[in-house]
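> Just dropping this structure here.
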Amino acid sequence: MSVEDDISRQLHAKAATVRAAPKPAELAARIRSKELRATRHERLALGAAVVVLAASLGGLAGAFASTPRANPNNSLSTRYQAGGGPKTSQPSSPGARDAPTNARPPAPSVRTIIDRQLPGGPSITATVQSFRSPVAISDEWNPTAQCATGEIVTTTVGQGGSFGGGISVAELPRLAPDGLEILSSGILQAPGAGEEWWVTAAVGSRVTRLAAESLGGAPVTAVPSDGIAVTAGPVSSVSAATGEMSAVAEGGPADESLGFTLGSGPRAVGTASAVTDEPGCSALSLPAQPPSASSSQPAEPSLAAGSIIAAFEQADSANPLLGFAANLAAVDEGGRLSSSALPTVHVPAKPSASVPQSGPAASGTGTVDVQQVSFLSASTAVVVYRVNEGVLLTGNAQVGGSGTWLLSLATFCSNLRSGIVQGDVPQGVVMGCQDQG
Amino acid sequence: MLVEPEASRLWCRLPQPRHGRARTKEDDTADPELDSASPHASFEAFYLASYESLVRLAYILTSSREIAEDLVQDSFVRLHRHYDNVEAPDRYMRRTVVNASRSHFRRAGRERDKRPLLYVVPGGGEAPGTSGELNDVLLTLPYRQRAAVILRYYSDQSESEIAEILGCRPGTVGSLIHRGLERMRRAIEA
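Shown next, in the form of structure tokens:
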């Protein structure tokens, strides 16, 4: 008998000793647990990008409006200039106007806690900004605003002239000593350098190291600073398809591990928000995207901004003559969602979406008011806008395959899930957006 | 909130995959007894039909039944998310289990680095009735060599199939198997 035959026989003999009965109940519990974790992650990461914060204009806005600049392009600005932070203040929400001025806390300072260059990889910057008084935090997953104190954690990741990042809210008090929470994550497409994932996590006081790895990739570690750790690494072929990641907080008696899906960042920003009426909380919108150490922008920003506005209006407005195909035409890879063979389904509006429940704007929806366009790079931008005078929303625009500016697929699907896009929507679109969930 | 498409109903015991194409009539009329592990089988049917064989594969890769079951359950959680978009769930699961086993050893390696005195090779115990010699030698092989040998001589996968699972070229698989067998031969003969 050859060695190969012997090995084969012994392997089968070893395997035959295992009798394993399926455990569907346990599997169901694991699936629910994973979905819960994913939801929690998205709530933290996506919600923060569009959070409507309460009251105090003097709080956050004071800090971010420290270098105000006239807006030359009808409320459009390219906020990310070399060496500087945001150059314009954010539009305030109605709640902010009503806030008593004597209740404003002093402007909190922004601290840079991480500023480093990964060997052969992107540069990473993270800042933390505390807000002392309770603010209302809400998002798609949690439409009832919660009053909380916390820190705004801003991450900027850059490589080869491309920049990405996210804004998240880490609630205070801090996590348990061994705790681990994913605050934001995303994928950076660096020209000539492939794709890089990045992840920002809040960790407990006993955690000495964060290790994160993409499925099929190698772990990359980072040492936390002030309870925040940011790391980045190359996207593996496996995780490029699934977006699946794992993170381990090391240092405590038992390592805390967490599975999550890459989702936030340039590829997925945008959801609905609501303002709380709770005493002590009032509203102010967060800056849409992190200040970037340096950034590029389109050669003609005004033209690009005009194209972006047109794309947002087309994607989120009703098109009675052309139907929903016109909406999808303004969405990057919107063709993937289309399936004319399937019937339409009625997508109801969510109360938090602040969209009329009836009338001409109730189907396919209504007027879109773009308030600000901020370029992250020559081909990506963050857009602050309202639909039907609802709450402020944040979305992403990017240059599509045809070279024109389009609404990102993630933003469109987020709007669909939020009830911003509503009415009789082709079932293929609904199901396609589930894939984006 | 998204409206649940009429065509996709909840399974009685397992949550329905969130992502997927519309299930067609052909899907529903496929004979589950003919090939319950086919792409047309329901997730639940595929799970029930393939669970044990995947645990066995993971067991050979990790030498621990508990870890094997844990990895396979986790792999099914991953599959659940993408099930309706996966054309060949059996191939997908084989690849996921092999990768999950590798990730397990990586994590175990990090644990070992951190707590060298407390570390015990997980599931290092020998299964009754099998050759401890083979087991020992298998566990000393680098993971890719071990996986290639096991996929070739236990799962009867072709070199191209193994290459797909391991994410390498078929030529590399031949080299991995050759070097793995050579090491095993030398170890057994020593």
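Read top to bottom, the protein sequences are chains A and B.
Counting in the numbering used here, the first sequence runs from 591 upward without gaps.
Counting in the numbering used here, the second sequence runs from 1179 upward without gaps.
For every residue, glycine included, the Cβ atom is placed at its ideal position computed from N, Cα and C.
Predicted model only: the values in this text are computed from it and were never measured.
So the beta strand (DSSP E) ALA971/A belongs to, where does it begin and stop?
Sequence index remark: in the first sequence, residue 971/A carries index 381 (1-based). Run containing ALA971/A: 970-977, per the beta strand (DSSP E) assignment.
> Restricting to Cα atoms, I'd like to know which of GLY924/A, GLY710/A, GLY991/A, SER964/A is closest to VAL810/A.
Here residue 810/A refers to the residue found at position 220 when the first sequence is read from its first residue. Taking only the C-alpha atoms, the option nearest VAL810/A is GLY710/A.
> DSSP on GLU1244/B, reduced to helix/strand/coil?
Within the second sequence, the letter at position 66 stands for residue 1244/B. Of the three classes helix, strand and coil, the one that applies to GLU1244/B here is helix, per DSSP.
> Thinking C-beta only, is PHE850/A closer than 9 Å to GLU840/A?
Within the first sequence, numbered from 1, the residue matching residue 840/A stands at position 250. Within the first sequence, numbered from 1, the residue matching residue 850/A stands at position 260. No, these two residues do not count as a Cβ contact at 9 Å.
> Starting from MET1271/B, find everything on chain A with Cβ-Cβ shorter than 8 Å and list it in chain order.
As a position in the second sequence, residue 1271/B is number 93, starting the count at 1. Simply none; closest approach about 13 Å.
> Let me check understanding here. Comparing Cα to Cα, which of ALA808/A, VAL793/A, ALA802/A, ASP596/A lies closest to GLY817/A?
For the purposes of this step, residue 817/A is taken as residue 227 along the first sequence, with counting starting at 1. Closest option to GLY817/A, Cα to Cα, is VAL793/A.
> What is the residue span of the beta strand (DSSP E) that PRO891/A lies within?
Translated into positions along the first sequence, residue 891/A becomes position 301. Note, PRO891/A: premise wrong, no beta strand (DSSP E); alpha helix (DSSP H) at 891-906.
> Let me confirm a value: ARG622/A is counted as buried when at least 16 other C-beta atoms fall within 10 Å, else exposed. Which label applies?
As a position in the first sequence, residue 622/A is number 32, starting the count at 1. So ARG622/A counts as exposed.
> Name the chain B residues that come within less than 9 Å of GLU785/A, Cβ to Cβ?
Counting from 1 along the first sequence, the entry for residue 785/A is found at position 195. Neighbours of GLU785/A across chain B, judged by C-beta separation under 9 Å, do not exist; the nearest C-beta is about 16 Å away.
> Under three-state DSSP, which class holds SER998/A?
If you number the first sequence from 1, residue 998/A lands on position 408. Coil.
> What three-state label does DSSP hand THR1318/B in the structure shown?
For the purposes of this step, residue 1318/B is taken as residue 140 along the second sequence, with counting starting at 1. Here THR1318/B sits in helix by DSSP.
> Pull out every residue of the region 605-623 of chain A whose Cβ sits closer than 9 Å to any Cβ of chain B, in chain order.
The residues in question are ALA605, ALA606, THR607, VAL608, ARG609, ALA610, ALA611, PRO612, LYS613, PRO614, ALA615, GLU616, LEU617, ALA618, ARG620, ILE621, ARG622, SER623.
> What whole-angstrom Cβ distance do GLU771/A and LEU765/A have, given they're in contact under 8 Å?
Start at 1 with the first residue of the first sequence, and residue 771/A comes out as number 181. Start at 1 with the first residue of the first sequence, and residue 765/A comes out as number 175. The Cβ separation is near 6 Å, so the contact holds.
> Per DSSP, what kind of secondary structure is GLU1367/B in: helix, strand or coil?
In the second sequence, residue 1367/B corresponds to position 189, counting from 1. Helix, per DSSP.
> Just to confirm my understanding: we take TYR1237/B, look at its own chain, exclude 5 residues before and 5 after, and list those with CB closer than 7 Å. What are they?
Locating residue 1237/B in the second sequence gives position 59, counting from the first residue. If we look at TYR1237/B and ignore the five residues flanking it on each side, its Cβ neighbours are ARG1243, ALA1246.
> Under a CB-based cut-off of 9 Å, is SER907/A close to chain B?
Locating residue 907/A in the first sequence gives position 317, counting from the first residue. For SER907/A, the answer is no, since every Cβ of chain B falls outside 9 Å of its Cβ.
> Could you tell me how far apart the beta carbons of SER815/A and THR790/A are, in whole angstroms, since I believe they sit closer than 8 Å?
Working through the first sequence from its first residue, we reach residue 815/A at position 225. Working through the first sequence from its first residue, we reach residue 790/A at position 200. At roughly 11 Å, the Cβ-Cβ gap does not stay under 8 Å, so SER815/A and THR790/A are not in contact.
> Taking GLU903/A as the reference, which of LEU848/A, GLY924/A, TYR975/A has the closest Cα?
If you number the first sequence from 1, residue 903/A lands on position 313. Of the listed residues, the one whose Cα sits closest to GLU903/A is TYR975/A.
> Using a Cβ-Cβ cutoff of less than 8 Å, which residues in the same chain neighbour THR994/A once the five nearest sequence positions on both sides are dropped?
On the first sequence, residue 994/A is found 404 positions in, with the first residue counted as 1. Excluding residues within five positions, the ones whose Cβ falls inside 8 Å are SER897, ALA901.
> Quick one: residues in its chain with C-beta nearer than 8 Å to the C-beta of ARG926/A, no 5 flanking neighbours on either side, listed in chain order?
Counting from 1 along the first sequence, the entry for residue 926/A is found at position 336. Within the same chain, and ignoring the five residues on either side of ARG926/A in sequence, the residues whose Cβ sits closer than 8 Å to its Cβ are LEU999, GLY1022.
> How big is the Cα-Cα spacing for TYR1332/B and LEU601/A?
Along the second sequence, read from residue 1 onward, the residue named residue 1332/B stands at position 154. Along the first sequence, read from residue 1 onward, the residue named residue 601/A stands at position 11. Roughly 6 Å between the two C-alpha positions.
> Please report how far the alpha carbon of ALA1278/B lies from the alpha carbon of ALA895/A, in whole angstroms.
Here residue 1278/B corresponds to residue number 100 of the second sequence, with the count starting at 1. Here residue 895/A corresponds to residue number 305 of the first sequence, with the count starting at 1. Distance between the alpha carbons of ALA1278/B and ALA895/A: 45 Å.
> Could you tell me the boundaries of the alpha helix (DSSP H) in which GLU1265/B lies?
For this step, residue 1265/B is matched to residue 87 along the second sequence. Run containing GLU1265/B: none; DSSP gives neither H nor E here.
> Helix, strand or coil for THR702/A, going by three-state DSSP, please let me know.
The residue labelled residue 702/A in the question sits at position 112 within the first sequence. The answer is strand: DSSP assigns THR702/A an E or B state.
> Leaving aside the five residues before and after LEU1006/A along the sequence, list all residues of the same chain whose C-beta is less than 6 Å from its C-beta, in chain order.
The count along the first sequence starts at 1 and reaches residue 1006/A at position 416. Within the same chain, LEU1006/A has close Cβ partners CYS1023.
> Going along the region 1319-1339 of chain B in order, which residues come within less than 8 Å of chain A, judged by CB to CB distance?
Residues of the region 1319-1339 of chain B that bring their beta carbon within less than 8 Å of a beta carbon in chain A comprise VAL1327, ILE1328, TYR1331, TYR1332, in sequence order.
> What did DSSP end up calling THR745/A once you bin it into helix, strand or coil?
For this step, residue 745/A is matched to residue 155 along the first sequence. Here THR745/A sits in strand by DSSP.
> Please decide whether SER1279/B counts as near chain A, where near means a Cβ-Cβ distance under 9 Å.
Residue 1279/B sits at position 101 when you count from the first residue of the second sequence. SER1279/B does not count as touching chain A.
> So, under 8 Å CB-CB, VAL1255/B and LYS624/A are touching, yes? Tell me the CB distance rounded to an integer number of Å.
For the purposes of this step, residue 1255/B is taken as residue 77 along the second sequence, with counting starting at 1. For the purposes of this step, residue 624/A is taken as residue 34 along the first sequence, with counting starting at 1. About 5 Å separates the two Cβ atoms, so the contact holds.
> Please say whether ALA822/A and LEU708/A have beta carbons closer to each other than 9 Å?
Your numbering for residue 708/A matches position 118 in the first sequence. Your numbering for residue 822/A matches position 232 in the first sequence. Closer than 9 Å, so yes.
> Could you check what DSSP says for GLY841/A in three-state terms: helix, strand or coil?
Within the first sequence, residue 841/A is the residue found at index 251, counting from 1. The answer is coil: DSSP assigns GLY841/A none of H, G, I, E or B.
> Label LEU1188/B either buried or exposed according to how many other C-beta atoms from any shown protein chain fall within 10 Å of its C-beta, with 16 as the threshold for buried.
Here the question's residue 1188/B lines up with position 10 in the second sequence. With a pLDDT of only 24 at LEU1188/B, under 50, the local geometry of the prediction cannot be trusted, and no value is derived from it.
> The alpha helix (DSSP H) with ILE1343/B in it runs from where to where?
In the second sequence, the residue the question calls residue 1343/B occupies position 165. Note, ILE1343/B: alpha helix (DSSP H), 1337-1344.
> Here's the rule: buried if 16 or more other CB atoms are within 10 angstroms of the residue's CB, otherwise exposed. What is LEU893/A?
To locate residue 893/A, count along the first sequence from 1; it is residue 303. That one is exposed.
> Measuring only between beta-carbons, confirm whether ILE597/A sits less than 9 Å from chain B.
Against the first sequence, residue 597/A aligns to sequence position 7. For ILE597/A, the answer is yes, since a Cβ of chain B falls inside 9 Å of its Cβ.
> Alpha carbon to alpha carbon, what distance is there between ALA615/A and ARG1191/B?
Within the second sequence, numbered from 1, the residue matching residue 1191/B stands at position 13. Within the first sequence, numbered from 1, the residue matching residue 615/A stands at position 25. Because the pLDDT at ARG1191/B is just 37, under 50, the model does not fix this residue reliably, and the value given afterwards should be weighed accordingly. Using only the alpha carbons, I get a separation of about 7 Å.
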